[in-house]
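Per my numbering, the sequence shown runs over residues 87 to 354. Just below is one structure, and these are the notes that go with it.
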Amino acid sequence: MDLNPPPFSRFTHEGLEIAFFDEGDPAGAPILLIHGFASSANVNWVFPGWLKTLGDAGYRVIALDNRGHGVSSKPYDPALYHPQQMAGDAVALLGHLGIAEAHVMGYSMGARISAFLALAHPHRVRSLIFGGLGIGMVTGVGDWDPIADALVAPSLEVVTHARGRMFRAFADQTKSDRQALAACISTSRDLLTAEDMGRIDMPTLIGVGTKDDIAGSPQELAALMPNARALDIPGRDHMLAVGDRVFKKAVLEFLEEVGGEHRTLARS
């Protein structure tokens, strides 16, 4: 497998067209990948080598472009971007593919979506991997209103807010629909409570870069959960941790430990 984009398919959920790929070993244990804000399945999972890493390890690798991102539908209504709804897209994709249970890995916003998926459909989740989001899942990740403003600003040059500039530049780099992203960022940050996290009991790995100033502590989040462990990704910030070798090695070891490397999971 290489780092070139795979072919994408599409299905419809709640009137929106959701794009996805389904690669790797068709008989392997399925893992569903959910990308972060302003990213896409290709940007989060193909170009940093995750599809190759997981595919070479024998997994069936499935990833979607979240609504508002990639080549999926991009509504401008903020009411359509709560994480419960995006989690609904992800579980609908599993149903579309006839997969009863999968490992689920999300990065940043994708980690939040994965947590909502695990709470609403625990029987569909074999294990969880959260990347780029620690205790911020519960306490919040700061004021993101300047990011929405940056996304709809006439140009990057007029944006002065540091985090706003970072995400505006990233959105420009990924050729995203900035109006859809501004709608998404206004409602996709719904918080979970400590009690919510305590109800997520499937094996969970939480990886955060040691220079990440957005995610919050992975150790604090893991302490709220009955079956979670934290991973420090050395020297990486929020943008660079996703493809880190330490993270990949830890994920492969975690998946093997929880019993999914070459075991075909039940199909619906």
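Where a beta carbon is used, it is the ideal one built from N, C-alpha and C, also for glycine. Just so we're clear, the structure is a prediction, and the values are computed from it rather than from any experiment.
Residue range of the alpha helix (DSSP H) that includes residue i
| i | result |
| --- | --- |
| Thr-98 | Per DSSP, Thr-98 belongs to no alpha helix (DSSP H); it is in the beta strand (DSSP E), 95-99. |
| Leu-341 | 331-343 |
| Ile-120 | Unbroken run through Ile-120 is the beta strand (DSSP E), 116-120; no alpha helix (DSSP H). |
| Glu-281 | 280-284 |
| Arg-249 | 248-259 |
| Trp-136 | 136-142 |
| Met-172 | 169-183 |
| Val-306 | It is worth fixing the name first, because residue 306 is Glu in this sequence and not Val. Residues 304-309. |
| Ala-236 | 231-238 |
| Val-224 | 222-225 |
Residues sharing a beta bridge with residue i, DSSP
| i | result |
| --- | --- |
| Asp-318 | Val-294 |
| Asp-108 | Ile-148 |
| Leu-267 | Answer is none; Leu-267 lacks a bridge partner. |
| Glu-103 | Thr-98 |
Nearest-angstrom beta carbon gap, residue j and residue i [assumed within contact, 8 Å]
| i | j | result |
| --- | --- | --- |
| Phe-107 | Pro-93 | 7 Å |
| Pro-112 | Arg-146 | 6 Å |
| Phe-216 | Ala-124 | In fact, because the Cβ distance is near 18 Å, the residues do not count as touching under 8 Å. |
| Arg-285 | Leu-205 | 6 Å |
| Phe-253 | Leu-277 | Phe-253 to Leu-277, Cβ: 20 Å. No contact. |
| Gln-265 | Tyr-162 | 6 Å |
| Asp-298 | Ala-327 | 6 Å |
| Pro-320 | Asp-287 | At roughly 29 Å, the Cβ-Cβ gap does not stay under 8 Å, so Pro-320 and Asp-287 are not in contact. |
| Val-294 | Gly-218 | 6 Å |
Same chain only: Cβ atoms within 7 Å of residue i, ignoring 5 sequence neighbours per side
| i | result |
| --- | --- |
| Leu-180 | Leu-118, Ala-188 and Arg-210 |
| Ala-308 | Ile-292, Ala-314, Arg-315 and Ala-316 |
| Leu-242 | Arg-251, Arg-254, Ala-255 and Asp-258 |
| Gly-135 | Leu-89 and Gly-329 |
| Val-157 | Phe-94, Ala-105 and Asp-151 |
| Ala-234 | Ala-268, Ile-271 and Ser-272 |
| Glu-343 | none |
Residue from the options with nearest C-alpha to residue i
| i | options | result |
| --- | --- | --- |
| Ala-336 | Met-311, Leu-307, Leu-291 and His-324 | Leu-291 |
| Gly-141 | Leu-150, Ile-286 and Gly-114 | Gly-114 |
| Ala-165 | Ala-280, Pro-320, Glu-339 and Cys-270 | Cys-270 |
| Ser-262 | Pro-304, Asn-128 and Lys-334 | Asn-128 |
| Pro-289 | Gly-345, Ser-241, Thr-260 and Asp-229 | Gly-345 |
| Glu-109 | Lys-138, Phe-133, Gly-101 and His-121 | Lys-138 |
| Gly-196 | Val-244, Thr-260, Asp-330 and Arg-153 | Arg-153 |
| Ile-221 | Ala-176, Pro-134 and Ala-201 | Ala-201 |
| His-182 | Ala-105, Phe-333 and Gly-144 | Ala-105 |
| Leu-341 | Leu-267, Leu-214, Ala-234 and Pro-240 | Leu-214 |
| Ile-148 | Gly-156, Arg-331, Ser-95 and Gly-101 | Ser-95 |
| Pro-232 | Glu-339, Thr-225 and Arg-249 | Arg-249 |
| Gln-81 | Val-190, Arg-198 and Val-245 | Here the chain covers residues 87 to 354 and nothing more, so residue 81 does not appear. |
| Gly-101 | His-121, Ala-178 and Glu-343 | Ala-178 |
| Leu-338 | Thr-98, Gly-144 and Glu-103 | Gly-144 |
Host beta strand (DSSP E) of residue i (start-end)
| i | result |
| --- | --- |
| His-189 | 188-193 |
| Ser-213 | 211-217 |
Same chain only: Cβ atoms within 6 Å of residue i, ignoring 5 sequence neighbours per side
| i | result |
| --- | --- |
| Ile-300 | Val-227 and His-324 |
| Met-283 | Leu-310 and Met-311 |
| Lys-160 | Gly-154, Asp-263 and Ala-266 |
| Thr-273 | Pro-164, Tyr-167 and His-168 |
| Trp-131 | Leu-119, Leu-137 and Ala-149 |
| Val-245 | Ala-236, Ala-239, Arg-251 and Arg-254 |
| His-99 | Asp-175 and Ala-178 |
Residue i: CB within 7 Å of a non-hydrogen atom of the ligand GTP
| i | result |
| --- | --- |
| Asp-142 | Because no ligand of any kind appears in the structure shown, any question about the ligand GTP cannot be addressed here. |
Residues near residue i by beta carbon distance below 8 Å, same chain, minus five either side
| i | result |
| --- | --- |
| Ala-352 | Residue confidence is low: Ala-352 scores 36 on pLDDT, short of 50, so the model does not pin down where it sits. No coordinate-derived value is stated. |
| Phe-97 | Glu-103, Ile-104, Phe-106, Ala-178, Leu-179 and His-182 |
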